[in-house]
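Heads up: the structure comes next, in structure tokens.
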Amino acid sequence: MKHFEGKHTGHKDIIIRNERNEECRAVEELVRDSFWNVYRPGAMEHYVLHRMRGEARFVRELNFVMEKDGALIGQNVFVRAEIAADAGNILPVLAMGPICIRNDLKRKGYGKLLLDTTLERAAELGFGAVCFEGNIDFYGKSGFCPASAFGIRYHGVPEGEDASFFLAKELIPGYFNGVTGEYTAPALYEVCEREPEAFAVYDDSFPKREKLVLPGQLFAN
0 MKHFEGKHTG
10 HKDIIIRNER
20 NEECRAVEEL
30 VRDSFWNVYR
40 PGAMEHYVLH
50 RMRGEARFVR
60 ELNFVMEKDG
70 ALIGQNVFVR
80 AEIAADAGNI
90 LPVLAMGPIC
100 IRNDLKRKGY
110 GKLLLDTTLE
120 RAAELGFGAV
130 CFEGNIDFYG
140 KSGFCPASAF
150 GIRYHGVPEG
160 EDASFFLAKE
170 LIPGYFNGVT
180 GEYTAPALYE
190 VCEREPEAFA
200 VYDDSFPKRE
210 KLVLPGQLFA
220 N
């Protein structure tokens, strides 16, 4: 696979490119550290990424890392997903994440640079849109909006309930024109729940860290 070398970033010390095989473990460590105790005590996102790479939906051309002065500081990945349109057809889209920046470099603009560059690359490769769960306060700055604005529903969320976490962005202008339907997140994002013992063994191969219950976490385990 030809590596994407981030020539559009405009930062001489930054390279955004495809992940190399020998970097998998280092990237998973980066993801684990970045998500540790954020959404739950501990983290699961590194195992999700670990298992993703062997899935057919995983888009290897859109598996990115970010380097600063030669050191890994961020990553982002995309997987194929779909919308079951009310008209009866299936509309291909991308799902995104995990995406992260090294803890000491968060809130310095690197996350938006990584996001915008990787979205640009996905558009260049012809993908039509991205749907995923995220915070509109951050992702809205890169053109995401609530998917409900396009008439796209999130599977399992009853009509009238808050689905503001479910975001979408057209990569091809007008891609959602005339479309209403339902999005279901790819099952590979639930791999930790399906493989709890395998996840525990995998996580134990990393340095021990304290799991904390903190305000604002979305899940408890």
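Under numbering that gives the first Met the number 0, think of the first position of the sequence shown as 0, with each following residue one higher.
All C-beta atoms, glycine included, are put in the ideal place defined by N, C-alpha and C.
Give the range of the beta strand (DSSP E) segment to which P91 is assigned. On the sequence shown, position 92 is the one that residue 91 refers to. Taken as a continuous stretch (DSSP letters only), the beta strand (DSSP E) holding P91 covers I89 to I100.
Could you tell me if the beta carbon of I14 falls within a distance shorter than 7 Å of some heavy atom in the ligand HEM? Among the components of this structure there are no ligands whatsoever, and the ligand HEM is therefore not found.
Report the CB separation of P91 from E44 in whole angstroms; it is logged as a contact under 8 Å. Working through the sequence shown from its first residue, we reach residue 91 at position 92. Working through the sequence shown from its first residue, we reach residue 44 at position 45. Contact flag wrong, Cβ pair sits at about 24 Å.
Taking just the CA atoms, how far does A167 sit from F205? For this step, residue 205 is matched to residue 206 along the sequence shown. For this step, residue 167 is matched to residue 168 along the sequence shown. So the alpha carbons of these two residues sit roughly 34 Å apart.
Could you tell me if E196 is buried or exposed, where buried requires 16 or more neighbouring beta carbons within 10 angstroms of its beta carbon? If you number the sequence shown from 1, residue 196 lands on position 197. Under this definition E196 is an exposed residue.
Does DSSP classify Y153 as helix, strand or coil? Taking the first residue of the sequence shown as 1, we reach residue 153 at position 154. The answer is strand: DSSP assigns Y153 an E or B state.
Pick from E27, R24, N36 and N20: whose alpha carbon is nearest that of E209? Indexing the sequence shown from 1 puts residue 209 at position 210. Closest option to E209, Cα to Cα, is N36.
What whole-angstrom Cβ distance do Y174 and A122 have, given they're in contact under 8 Å? Along the sequence shown, one-based indexing puts residue 174 at 175. Along the sequence shown, one-based indexing puts residue 122 at 123. In fact, because the Cβ distance is near 10 Å, the residues do not count as touching under 8 Å.
Rounded to whole angstroms, what's the CA-CA distance from F164 to D115? Just pull it up for me. In the sequence shown, counting from the first residue as 1, residue 164 sits at position 165. In the sequence shown, counting from the first residue as 1, residue 115 sits at position 116. So the two alpha carbons sit approximately 19 Å from each other.
What does a CB cutoff of less than 7 Å around F218 pick up in its chain, not counting 5 residues either side in sequence? Position 219 of the sequence shown, counted from the first residue, corresponds to residue 218. Around F218: Y38 and R39.
Rank G108, T117 and L113 by C-alpha distance to the C-alpha of Y59 and give the top, closest one. Numbered from 1 along the sequence shown, position 60 holds the residue referred to as residue 59. In the sequence as presented, Tyr is not what sits at residue 59; that position holds Arg. Of G108, T117 and L113, the residue nearest in Cα terms is T117.
I'd like to check one pair, R50 with V78: are the Cβ atoms closer than 8 Å? Counting from one through the sequence shown, the residue named residue 78 turns up at place 79. Counting from one through the sequence shown, the residue named residue 50 turns up at place 51. No. Outside cutoff.
Would you tell me roughly how many angstroms separate the C-alpha atoms of A146 and Y182, rounded to the nearest one? Translated into positions along the sequence shown, residue 146 becomes position 147. Translated into positions along the sequence shown, residue 182 becomes position 183. Distance between the alpha carbons of A146 and Y182: 10 Å.
Do E27 and L48 have their C-beta atoms closer together than 8 Å? Here residue 27 is taken as the residue at index 28 of the sequence shown, counted from 1. Here residue 48 is taken as the residue at index 49 of the sequence shown, counted from 1. Cβ atoms of E27 and L48: closer than 8 Å.
With 16 as the cutoff for other CB atoms within 10 Å, does E18 come out buried or exposed? In the sequence shown, residue 18 corresponds to position 19, counting from 1. Per the 10 Å Cβ criterion, buried.
How many angstroms separate the CA atom of K111 from the CA atom of R193? Residue 111 sits at position 112 when you count from the first residue of the sequence shown. Residue 193 sits at position 194 when you count from the first residue of the sequence shown. For K111 and R193, the distance between alpha carbons rounds to 32 Å.
Identify the residues that DSSP records as bridge partners of E181: which are they? Here residue 181 is taken as the residue at index 182 of the sequence shown, counted from 1. DSSP, once it has assigned bridges, lists A83 and R152 as partnering E181.
Look up M65 in the DSSP assignment and give the residues it is bridged to. Position 66 of the sequence shown, counting from 1, holds the residue named residue 65. M65 is bridged to I15 and G73.
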